[in-house]
Amino acid sequence: MNGVVVIDKPAGMTSHDVVSRARRILKERSIGHLGTLDPMATGVLPLVVGRMTRLAQFYTGAEKTYEGEIRFGSATDTYDAQGDPVGPSQSVELNVDAVREAASHFRGVIQQTPPPFSAKKIQGVPAYKLARSKREVALEPVTVQIHEFDILACDGDRARFRARVSSGTYMRSAAHDMGQALGCGAHLASLRRIVVGEFDIADACTLEQLQSAADSGELEARMIHPRRLLPSFPCVTATEESVSKIRHGQAVNLPEMSRARWIKVFAGQADLIAIALRVAGTLFHPKVVLLQ
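The sequence shown begins at 5 in this note's numbering and counts up one residue at a time.
Here is the structure:
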C-alpha cells in the first residue's frame, strides 16, 4: 500500500503509538509521520505509507497551525498540563487586552528555547531523558517564526489562542514564556493541531474510522489524492516512454516544465511515480522514484 492518510490523533497516545496502530490496521510495515505531536495534543498527524515515506524529506519545513488554551498562574516543569508544578500557584483573573499585548511580542522571527522535556538532543542524548533523571538540561535558543498568534478569548485564568508557526516551534515554550512575560507563570493546558502543510483537520479520520475503512475495503477513500500532495510543485503527466525512463532513474526532457525547479511526475491521473528536479534547461532528473 502506498499513500498518505491523515489521522486525528487522540489525546494520550504518542505519535509512535499512532504509527504502530496504523501498521496493524493497514498491514503495512513501512509507515512514518510528518511531525510529532506530544501525547497530550490532538489533531492532524499525516502518515506516509509504503513508498510514500520517501516524501517525508519534503515536509521537514512544513508550517503548522494550532488551537489551544494557556493556563496562567501555574508553571510546570514540562511547560504543559502533564508536568509537575514549579513554584507556588497564583490566583489570576486575565485581562484580554493585556494578554493580547503580551502575545504580540511573540509574533515574527524570534529566538525560542525548547522545553527541557523535548526530543532536542544534548550531546546526542534527548533532553527529556536528562530531564527525567533530574539532570541539568541546557538547551540553546533556536530561531523560529510565529506567523500568527491570536488570543481568541480569556476566561478566568485561561486564554484560548490560534497560532500559525514555522516547523520547530514549541507552543509549550510559547505558553511558558507568556507566563514569564506577564509575571505569573503559565503552562499549555490543551493543544489541537488543525493544519500541517496542505493537510487540514477536515482531511483527518480517527483510528477507529481507519479500521472501519480497512474492514470494508474502502481504504482508498481515506487516502489523500496524490495530486493534492506538495501543492507548490507543479504536476506533469508523462508519456509512456518518459515513464519508463523515470522508473529506471533516467533523466527526461519535459519542455512544458521549463520554469519549474521541482515537479511531480504522474503516469495517468493518480499514479505519482516520481519527484523530479530540473538539472538543465528542460531536462529533469528523478530524485525520488515512488513507483517502479
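Just so it is clear, CB atoms sit at the ideal spot from N, CA and C, and this is done for glycine as well.
Owing to the predicted nature of the structure, the values given are computational and were not obtained by experimental measurement.
query: L49 - containing beta strand (DSSP E), residue span; result: T46 to V53
query: Which residues DSSP lists as bridging M227, in chain order; result: V9
query: Residue range of the alpha helix (DSSP H) that includes I29; result: S19 to L30
query: Inside the region 80-121 only - alpha helix (DSSP H) runs reaching at least 4 residues; result: 100-108
query: Start and end residues, alpha helix (DSSP H) containing S171; result: Note, S171: premise wrong, no alpha helix (DSSP H); not H, not E.
query: C-beta contact flag for I150 and R111 at 7 Å; result: yes
query: From Q184, L195 and D159, residue whose alpha carbon lies closest to that of R168; result: L195
query: Rounded C-alpha distance that separates S246 from A255; result: 9 Å
query: Same chain, Cβ closer than 6 Å to D81, neighbours up to 5 away in sequence not counted; result: G87, D88 and V90
query: F237 - DSSP class collapsed to helix/strand/coil; result: coil
query: As assigned by DSSP and simplified to three states, the class of L294; result: coil
query: Among A60, V53, S78 and L49, the one whose alpha carbon lies nearest that of T69; result: L49
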